[in-house]
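Q:
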Amino acid sequence: MSGINVIIYYAPRAFELAGLYLIDKAGRKTLMYLGSVGYLISLFVVAWAFNIGQGGIVVFSVFMFIASHAVGQGQSPGSGTHWIFAVLITLFMPFFLEQYNPRTVLTFFAFMMILQLIFVFYLMPEIKGKSLENLSAKLFKKTEDNH
Numbered sequence: 000m001s002g003i004n005v006i007i008y009y010a011p012r013a014f015e016l017a018g019l020y021l022i023d024k025a026g027r028k029t030l031m032y033l034g035s036v037g038y039l040i041s042l043f044v045v046a047w048a049f050n051i052g053q054g055g056i057v058v059f060s061v062f063m064f065i066a067s068h069a070v071g072q073g074q075s076p077g078s079g080t081h082w083i084f085a086v087l088i089t090l091f092m093p094f095f096l097e098q099y100n101p102r103t104v105l106t107f108f109a110f111m112m113i114l115q116l117i118f119v120f121y122l123m124p125e126i127k128g129k130s131l132e133n134l135s136a137k138l139f140k141k142t143e144d145n146h
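Taking numbering that gives the first Met the number 0, the leading residue of the sequence shown gets 0, the next gets one more, and so forth.
1) Given that a residue counts as buried once 16 or more other Cβ atoms are within 10 Å of its Cβ, and exposed if not, what is Tyr38?
2) Under 8 Å by Cβ, that's how I've got Gly34 and Gly71 pegged, so tell me the actual separation to the nearest angstrom.
3) In whole angstroms, give me the CA-to-CA distance for Ala109 and Val44.
4) At a cut-off of 7 Å, is Ile51 close to the ligand HEM when judged by its beta-carbon and the heavy atoms of the ligand?
5) Just to confirm before moving on: does the CB-CB distance between Phe49 and Val58 stay below 8 Å?
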């Protein structure tokens, strides 16, 4: 009842309502880069902090992780995917934490963010300043060119 899911999943919408719609100002790819780099840093730092036994660093890094999520991943196309993976992680994390050191589990997630950076760099289109019609036309043109 604290509203944490509202903050985590709907922060971009709250920013939009406050007149801070970051996608239009910075662009989707820029925000994804910022979020991805924030994820990488925070996850590697959390893994390192577990390794050296520094709980305070873990807390700060988790806050950084949440902020990175709100900036990059919290955009609406990513939200649906996150709900699916939230369920999967809830189901499987206890098993993985029993089998592996938390440092190993968090390092795995950090490496997944490297793959995300590669995806953003090579495959994600920029939508800043483009209409939905323009984006649709480009998407369908690429699809037709591939056939």
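C-beta: ideal position from N, C-alpha, C; glycine also.
A: In short, the structure shows the following:
1) Along the sequence shown, one-based indexing puts residue 38 at 39. By the neighbour-count rule (16 or more Cβ atoms within 10 Å), Tyr38 is buried.
2) In the sequence shown, residue 34 corresponds to position 35, counting from 1. In the sequence shown, residue 71 corresponds to position 72, counting from 1. The pair is a contact, with the Cβ atoms about 2 Å apart (cut-off 8 Å).
3) Translated into the one-based positions of the sequence shown, residue 109 becomes position 110. Translated into the one-based positions of the sequence shown, residue 44 becomes position 45. When rounded, the distance between both Cα atoms is 10 Å.
4) Judged by which ligands are present, the structure shown has none, so any question about the ligand HEM falls away.
5) As a working mapping, residue 49 is identified with position 50 in the sequence shown. As a working mapping, residue 58 is identified with position 59 in the sequence shown. No, these two residues do not count as a Cβ contact at 8 Å.
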